[in-house]
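Colleague:
Chains as they are written, first to last, in this note's numbering: chain A, 1 to 482; chain B, 483 to 964; chain C, 965 to 1446.
Dropping the structure here:
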């Protein structure tokens, strides 16, 4: 049935005229034109052929332009432009000049500008705007410029988002349809004035990672110098020992490596803005007033902060595993044995049960904390996080996250359980690093505990459902928003 | 060509009237309405604007409803409803009341109910059914309620599946088209009677993980108490030693931590149902009879079982790495040296070559087993598993899985290779934990070996291709199904 | 508005006739037929029902064909074929015979052949071609055969690519539309002559991993025997020691495990083709000449090489962590202490500061290198890599990759920093393994350093933008391609 009907439809020219853009519907596939036979042009052509289009290349040297995908044609620019209504411009901006001379051939065509720049701000106007100025009669669409030749060749497009912009809605729609057939999801970003933004997009270098990375580097540097001063310089000045070798691996007073405190602090910083936001909402009695800008920015980079914290924790764990093989650690152990033997005590190795309990708890908490940390990290993977329901995601990131923070903080407290009150701990009147790094996590945990109190929790839930403490009386309980 | 034709199409009103829903085809984008200016409403609006729609908000306080996405309009509810045919209801169910009074404005509109509840079963009827009852003239579609404001804002929608249900096929189709433009994949779940199911969906908390987690907790608890009794209590009663500190990290008779046996057993439990299913099919001589329910349920949670087994193996491995830094282990080592020195034997440290071979093999198998375990886990990631061909997936999950199980079981056997026959091994006449945990894996491996026998394998392959031992004679070899 | 218009459209039969294939647009969903009630048939039916289609099964035993998805119908093959225009053939090729007798019922229908074979090349012609020969009046489309019953049941389809081929463009279009509704991305692979290729697709077993795996196995075997000869056999022959136990875990001269050199070499081999390609382009003065085939093949398996290198590095790291718990290592340590005690030196344990610096640097570089290695591996995950911009991906894979290689190479150099000139290092006049494995990485790093020289870098950038040294004069600077 279907086949027969569709075939008969093709015989009726008037019915075809109602689907002028649905060229894929016709038995003969639509012809698309690509200007440029470079890597991108070739990969794009291959992909278009695979998706059922016919492809013609426009080249300055049609007879010597290297290997092109099987099934495609190659012509001079002018002839190629004639045979298609959609033309991909896979040519460097520097060489757009020749398009101006071809403007008459391009009138009424859709030109897709896929070009990128090597750096930001080297041209006063975006490439696409420049192209539109050269060929005013054509409908320029900027887009697909985030696709690499590599991704096109390897078919890594499924579900990928691409942005389009352009002044002609028709042209954008034609490009969007073509994108959909390639397995892409096209999003409309408005008129051609957005072209600059789209062209800057592939030049972005982890913009959302900058703040968290700065915080991490700052914290790590602080603790590095803090430990150098307290450990190496203090030892040199007061005890006349040269333990400068410690700088390299660990700066270790046993295990407090300079990445371990920043890791805990950054994990706490992931959960601090949530606590601050809850306090603000409680204080204001409404959720309809915006948070200050710094809080918004902070909340948007929590995921990145958490991942950096995980990276630091990973370094901390590997470092701990390496500890027993280190020269200095083995040396200390051997010296201990030899000293004990020489002193020839009768009960040289009294087994301290409390010490064993303390240390084993310390390790158990560390292992469990790291395990939960890794779980949190795994659910940050786009493909894993995307398969969770909202409540599951919330459970993991909030409940499990706070549990992880609690366990890691406890790990820190147990580390120093018997040294808090010892004066020798406070070299040069400064607290040891592990105490410093427990401050922020403790604050976050206390804040969370307060929010979990039944009376506070109830008020907060009501506020988040839209209740307002100072609501205009006539509207109370009328409409609240999700 | 394309552009020209499309433009001329826009001039012919009759051709436009044939595409009443394809509003995206027109030069002026379709207007969508959102009731509610909360987080979800704002994020959804932003996303719709990005996808090329126009957006109007309906608000109870159009002049003081906080910051809305650039490019959107805001009006009173009534005015907003007038200007669009598709209305998103981003309002809490508690406040649906006002929609009843607006019913005349909403007649003939598509209302998309995105609401969720905080808990299951707090309302007798689903939110969407309630909404339909309030506004009988509108076509209510339940759906998109699995999207979070967070995912909408961060553009994590590509390829995500959303479910729709509703009584009007037209309305569902309109919502499905809109979803497709947002990059979502809409699946139809039937009439509005399925709304309750869709509303429970975001409230699910790892339903498929429950059974495996219970098994894991049960096994771990069993081995924990088994080890406490055999190690700590036995030591206390029979040898008068206090080794309670061991409870915390390890309960370790050297390395048998209480998570290690459950890990091996759970890995075996992943492959046991496959063996049972094959045996059942061989016994019945057909694949067309259903498996018992418990076997079906078991087979559906194999992936989760495997991942929990991997988690436990991860803990086991970390614990092993931590062993040499533990206080008690270092104490034992030092004591050993000192004792040896005191006794002043002439050849105190005879190097036992067999022991070295055994232990190094034990470690090598453990390392290899863990490595394969991690590989198996990586291919369970949706994005990795999805890129494998059927045969590759099968190769990894079946062949590599059984190899992993074999190596881990061998790791267990070597652990106790020289203690199987020693009476001291059987404290209080109980076998040690590592023996207990080898039973299930051994059974699975024997079962697999039997299935791999050529004669059995041949019969099984024929059965799986549709052959039946007791097939009605007239149909033998006629049609079998994939 | 929308709903009303669409409904009125359905009342006009002529407007409906213009959308013969857009069955989803009609209020009554399209009926699809499935021949075969096996696992695949049932899963596919379930999925089609979820996507809003009606489903009818054709079965040889309509009354006893086991449980089918709720909402589907089941009939005899003939009756089922009558009621749908698109028929899925979920039957083994061996039983296609009955379709020939049904040919009259199937004329004009679209037959989707989903079948796969168990092995390559067991049939002279592809299943789909055979089917077309049996039913010449139908339009056979080969495709969807990469979907497993398991993926269909679990809804793991979103964004997945499926390939279609067939002689009728109409039939392919109908199947492609159906695929899109299921959340799949359909790619057209041309006429039915491509069917054999599509049928071989699910039988592929990691084709792109073969070369890297062979290289890895070769290198590992080489280093294994090299270490056995230099360590075990040399020790046995020259020093009369039996250290055969070392074969099992490590073949370790301290830490040089037989997987560690291959890991470093394979990481270098990932970056070597890039260097070779750059040199070739510089030498030829153009980017328009193709690379030799071996270089192309090499460049295509860089990702797999890198991942295998990561796997080997992972083994190396785990092995290092296990070192202190090994029997032989503990034995060496104890023997050392006892020997020192017996000799009763006055300053038995001189702490060598240089040694401590060297070893701690060695470990620090190793930890950092492994950390970066893991980062590189994570960005190879499809879901992570897909979310990076082109510049970010480039930054990670090129800059960070070379940094990783540099750090790992430095780790290797420091390992042997004080043994390069010692004659005892060269047992039997052979260099130790770690020296051998530093050759390739050093070459790659030198090559990269040369390419980074400003003058070379500038020329290379120009060549990659399309500049040619020997360009025909009339065209210089005219058009270059992306």
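Every residue, glycine too, gets a C-beta built ideally from N, C-alpha and C.
Looking at chain A, which residues of the segment 530 to 546 of chain B have a Cβ within less than 9 Å of any of its Cβ atoms?
Modeller: 531, 532, 533, 534, 535, 541, 542, 543, 546
Colleague: What does residue 1039 (chain C) reach in chain B if we use C-beta pairs closer than 9 Å?
Modeller: Going along chain B, no residue has its Cβ under 9 Å from residue 1039 (chain C), so there is no contact; the nearest lies around 14 Å.
Colleague: Give the straight-line distance between the Cα atoms of residue 143 (chain A) and residue 624 (chain B), rounded to the nearest whole angstrom.
Modeller: 34 Å
Colleague: Using CA coordinates, which residue listed in A:454, A:160, A:234, A:168 is at the minimum distance from residue 186 (chain A)?
Modeller: A:160
Colleague: Determine the chain B residues that contact residue 341 (chain A) at a beta-carbon separation under 7 Å, and present them in chain order.
Modeller: 820, 823
Colleague: Quick check on residue 428 (chain A): buried or exposed, where buried means 16 or more other Cβ atoms within 10 Å of its Cβ?
Modeller: exposed
Colleague: Any C-beta of chain A within less than 7 Å: which residues of the segment 1348 to 1368 of chain C qualify?
Modeller: 1348, 1350, 1351, 1353, 1354, 1355, 1356, 1359
Colleague: Cα separation between residue 458 (chain A) and residue 1000 (chain C)?
Modeller: 56 Å
Colleague: Buried or exposed for residue 816 (chain B), please, with buried defined as at least 16 other CB atoms from any protein chain shown within 10 angstroms of its CB.
Modeller: buried
Colleague: By DSSP, does residue 453 (chain A) sit in helix, in strand, or in coil?
Modeller: coil
Colleague: Do you know offhand how far residue 326 (chain A)'s Cα is from residue 919 (chain B)'s?
Modeller: Cα atoms of residue 326 (chain A) and residue 919 (chain B): separation of roughly 35 Å, rounded to the nearest angstrom.
Colleague: Would residue 789 (chain B) and residue 755 (chain B) qualify as a contact pair, given that the criterion is a beta-carbon distance under 8 Å?
Modeller: no
Colleague: Cα-Cα, which of C:1281, C:1316, C:1167, C:1278 is closest to residue 330 (chain A)?
Modeller: C:1316
Colleague: Of the residues that make up the segment 1135 to 1151 of chain C, which ones have a beta carbon closer than 8 Å to any beta carbon in chain B?
Modeller: When CB distances to chain B are screened at a threshold of 8 Å, the residues of the segment 1135 to 1151 of chain C falling below it are 1147, in chain order.
Colleague: Report all residues from its chain with a CB closer than 8 Å to the CB of residue 1428 (chain C); omit the five preceding and five following residues, and keep chain order.
Modeller: 1245, 1251
Colleague: So that I know if they touch, is there some Cβ in chain B lying closer than 8 Å to that of residue 355 (chain A)?
Modeller: yes
Colleague: One question on the structure: do residue 69 (chain A) and residue 49 (chain A) come within less than 8 Å of each other, judged by their Cβ atoms?
Modeller: Against a cut-off of 8 Å, the Cβ pair of residue 49 (chain A) and residue 69 (chain A) comes out as a contact.
Colleague: Can you pull the chain A neighbours of residue 548 (chain B), defined as C-beta to C-beta under 9 Å?
Modeller: 288, 289, 290
Colleague: Do we get a CB-CB distance below 8 Å when we pair residue 517 (chain B) with the residues of chain C?
Modeller: no
Colleague: Count the other CB atoms within 10 Å of the CB of residue 582 (chain B); is the residue buried (16 or more) or exposed (fewer)?
Modeller: exposed
Colleague: Going by alpha carbons, who is nearest to residue 483 (chain A) out of A:439, A:32, A:165, A:60?
Modeller: Residue 483 (chain A) is absent from the model: chain A starts at 1 and stops at 482.
Colleague: What does DSSP give as the partner residues of residue 32 (chain A) in its beta bridges?
Modeller: A:55
Colleague: Would you say residue 229 (chain A) reaches chain C, if we count a Cβ-Cβ gap shorter than 8 Å as a contact?
Modeller: no
Colleague: Would you mind stating whether residue 188 (chain A) and residue 534 (chain B) have Cβ atoms separated by less than 8 Å?
Modeller: yes
Colleague: Verify whether the separation of the beta carbon atoms of residue 595 (chain B) and residue 610 (chain B) is less than 8 Å.
Modeller: Yes.
Colleague: Since residue 752 (chain B) is in the alpha helix (DSSP H), which residue starts that stretch and which ends it?
Modeller: 742 to 766
Colleague: Name, in chain order, the residues that DSSP records as bridge partners for residue 645 (chain B).
Modeller: B:669
Colleague: Which same chain residues, not among the five before or five after residue 891 (chain B), have their C-beta less than 6 Å away from its C-beta?
Modeller: 923
Colleague: Just the C-alpha distance for residue 71 (chain A) and residue 1044 (chain C), rounded to the nearest angstrom, thanks.
Modeller: Taking C-alpha positions only, residue 71 (chain A) is separated from residue 1044 (chain C) by approximately 39 Å.
Colleague: Identify every residue that forms a DSSP beta bridge with residue 1046 (chain C).
Modeller: Answer by DSSP bridge pairing: none, since residue 1046 (chain C) is not bridged.
Colleague: State the DSSP-derived secondary structure class of residue 915 (chain B), mapped to helix, strand or coil.
Modeller: helix
Colleague: Taking C-beta to C-beta, are residue 568 (chain B) and residue 537 (chain B) nearer than 8 Å?
Modeller: no
Colleague: Write down the C-beta distance between residue 855 (chain B) and residue 792 (chain B) rounded to the nearest angstrom, noting that I regard them as a contact closer than 8 Å.
Modeller: 6 Å
Colleague: Could you run through the segment 1281 to 1295 of chain C and flag, in chain order, every residue whose CB is less than 8 Å away from some CB of chain B?
Modeller: Residues passing the 8 Å Cβ filter: 1282, 1283, 1285, 1286, 1288, 1289, 1290, 1291, 1292, 1294, 1295.
Colleague: How far does the beta strand (DSSP E) with residue 1073 (chain C) in it extend, from its first residue to its last?
Modeller: Looking at the DSSP string, residue 1073 (chain C) is not in any beta strand (DSSP E), and its letter there is neither H nor E.
Colleague: Whose C-beta lies closer than 8 Å to the C-beta of residue 65 (chain A) among residues of the same chain, with five residues either side of it excluded?
Modeller: 37, 57, 59, 74
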